[in-house]
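Residue numbers (our numbering), protein chains in the order written: chain A, 6 to 267; chain B, 70 to 261.
Note that beta-carbon positions come from the ideal geometry of N, C-alpha and C, so glycine has one too.
Here the structure is a predicted model, which means the values were calculated and not measured.
Here the structure comes first, spelled out in structure tokens, and everything after it is commentary.
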């Protein structure tokens, strides 16, 4: 991973307008649902639904393909390695010394790969359609202490700044004759010390002035806070919430009370 | 007869609202925010390019160890855990963030707690980094077994060990240099 990426894309779709609290809750519910479902067919149906959400969020193709490259690598690894370590089940497909490949093992590998794909894409939908500041705002409204939320949003605000600092210091050291892609791994890692130390010192200088800035703006002077932008639940948010809860509760009831395999 | 400012709640006079909030001090907020951002930025941008792992070898651990060794276990646990988990969320592996939060959080916590023994003697720091790295590798192994199964989790262990070793050596080296420079910043709390 080189360079800084922000997955969020500006847009005005249904998913962009949705209350971030509802979106966070929906993603958590869907994550639990994905972890609960164990049938391949149901997981594929769920994956189709999530793909529909990606399409609804109108994510640009370049970002979707970047996301899929990450996911595909993990999926291939699981499909190949899972059967080797899971030799249970009867129809044996192949035997190679102590390794037994069985049909149920292969199926379980594929199921788990699809499950990981579902998990990853659900989170991508959230990151594609929600700006970082809205995520922090939603967390504070959901009960995270304001000073913790402030720390987090300051951190997110400085993230691109520090990424740029790292890149420019790397360029500066390269101009002085530092070679980052030569030598043994240990030597290469050691070269990065000459990038990290200037970066950290510049960051500490930032922290030093930042604490002055916080104090001069009366940070923590009053317990009661007012906000410029309030989050409001609308009717469509209520509908989305109901749909997500139903999508989780119905299979859960079927699995744990009616004993239907899902 | 009461002249109330518009937009103010009627019970404005209650002493509770006018009292100062019991927030964490601004210097701590500034330091933790900056350390978290640094951890996230380094995790996301600094990858050591070398062939076996397709360049997927980041130096985020060096920042976790640095935060822990320079500012103590609390900074290590919070900035290391939250910073690394934030990198996961921002890169789209949100489902993996809880595991990262716990693995890297304990890494920072253990490294900071052991590294500060006897006023941070060299042996204590090395021991802290080794123990912290072991916690991270174990944490990831358990987490990846839950998600991916034993096979892929085992395949990841050497990568994680390598990351802990390189991150640890770099983190140790950096913390020595920075602790000398730290005296020049009067508003940064050196003891937390």
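{"Check": "Can you tell me whether DSSP reads residue 35 of chain A as helix, strand or coil?", "Outcome": "helix"}
{"Check": "Given residue 122 of chain B, which residues of its chain have a CB within under 7 Å of its CB, disregarding the five upstream and five downstream residues?", "Outcome": "For residue 122 of chain B, the predicted structure reports a pLDDT of 40, less than 50, and the residue's modelled location is therefore unreliable. The matter cannot be settled from this model."}
{"Check": "Can you give the Cα-Cα distance for residue 44 of chain A and residue 116 of chain A, rounded to whole angstroms?", "Outcome": "7 Å"}
{"Check": "Taking the beta carbon of residue 24 of chain A as the centre, do at least 16 other beta carbons fall within 10 Å, making it buried, or is it exposed?", "Outcome": "buried"}
{"Check": "So that I know if they touch, is there some Cβ in chain A lying closer than 8 Å to that of residue 209 of chain B?", "Outcome": "no"}
{"Check": "Give the residues of chain A in contact with residue 230 of chain B, contact being defined as C-beta atoms less than 7 Å apart.", "Outcome": "Within 7 Å Cβ-Cβ: nothing; residue 230 of chain B doesn't reach chain A, min ~13 Å."}
{"Check": "State the start and end residues of the unbroken alpha helix (DSSP H) segment that holds residue 42 of chain A.", "Outcome": "That residue, residue 42 of chain A, is in no alpha helix (DSSP H); it is neither H nor E in DSSP."}
{"Check": "So, is residue 261 of chain A buried or exposed, given that buried needs 16 or more other C-beta atoms within 10 angstroms?", "Outcome": "exposed"}
{"Check": "Any contact between the region 89-103 of chain B and the region 210-218 of chain B? By contact I mean 3 or more CB pairs, one from each, below 8 Å.", "Outcome": "no"}
{"Check": "Going by DSSP in three states, residue 149 of chain A sits in which element: helix, strand or coil?", "Outcome": "coil"}
{"Check": "Under three-state DSSP, which class holds residue 159 of chain A?", "Outcome": "helix"}
{"Check": "Give the interface partners of residue 178 of chain B over in chain A, defined as CB-CB distance under 9 Å, in chain order.", "Outcome": "Per Cβ cutoff of 9 Å: no residues; residue 178 of chain B is ~18 Å from chain A at best."}
{"Check": "Got a sec? Which residues, its chain only, sit under 8 Å from residue 204 of chain A by beta carbon, not counting five neighbours each side?", "Outcome": "167, 170, 171 and 174"}
{"Check": "Taking CB distances under 8 Å as the criterion, tell me whether residue 156 of chain A reaches chain D.", "Outcome": "Checking the listed chains, one finds no chain D in this structure; the protein chains it contains are A and B."}
{"Check": "Can you give me the Cβ contacts of residue 96 of chain B inside the same chain, cut-off strictly under 8 Å, excluding the 5 residues immediately before and after it?", "Outcome": "256, 257 and 258"}
{"Check": "Taking buried to mean at least 16 other C-beta atoms within 10 Å of its own C-beta, is residue 222 of chain A buried or exposed?", "Outcome": "exposed"}
{"Check": "Check whether the Cβ atoms of residue 128 of chain B and residue 236 of chain B sit closer than 8 Å, and answer yes or no.", "Outcome": "yes"}
{"Check": "Residue 135 of chain A versus chain B: which residues are under 9 Å apart at the beta carbon?", "Outcome": "Here the premise fails: no neighbours, minimum Cβ distance about 11 Å."}
{"Check": "So that I know if they touch, is there some Cβ in chain B lying closer than 8 Å to that of residue 312 of chain A?", "Outcome": "For chain A, the structure presents residues 6 to 267; residue 312 of chain A sits outside this window and is missing."}
{"Check": "Run the CB neighbour count on residue 232 of chain A, radius 10 Å, all protein chains shown included, and call it buried at 16 or more, exposed below.", "Outcome": "exposed"}
{"Check": "At a CB-CB cut-off below 9 Å, which residues of chain B make contact with residue 172 of chain A?", "Outcome": "114"}
{"Check": "Keeping to the same chain, check which residues put their C-beta closer than 7 Å to that of residue 257 of chain A; ignore five residues upstream and five downstream.", "Outcome": "41"}
{"Check": "When we look at the beta-carbon of residue 93 of chain A and count the other beta-carbons within 10 Å, is it buried (16 or more) or exposed?", "Outcome": "exposed"}
{"Check": "Name the chain A residues whose beta carbon is nearer than 8 Å to that of residue 221 of chain B?", "Outcome": "79, 82, 83, 86 and 87"}
{"Check": "How big is the Cα-Cα spacing for residue 197 of chain A and residue 113 of chain B?", "Outcome": "14 Å"}
{"Check": "Please report the residue range of the beta strand (DSSP E) in which residue 104 of chain A lies.", "Outcome": "104-107"}
{"Check": "Going straight from the alpha carbon of residue 112 of chain A to that of residue 133 of chain B, what length do you get?", "Outcome": "39 Å"}
{"Check": "Tell me whether the beta-carbon of residue 55 of chain A lies closer than 8 Å to the beta-carbon of residue 126 of chain A.", "Outcome": "yes"}
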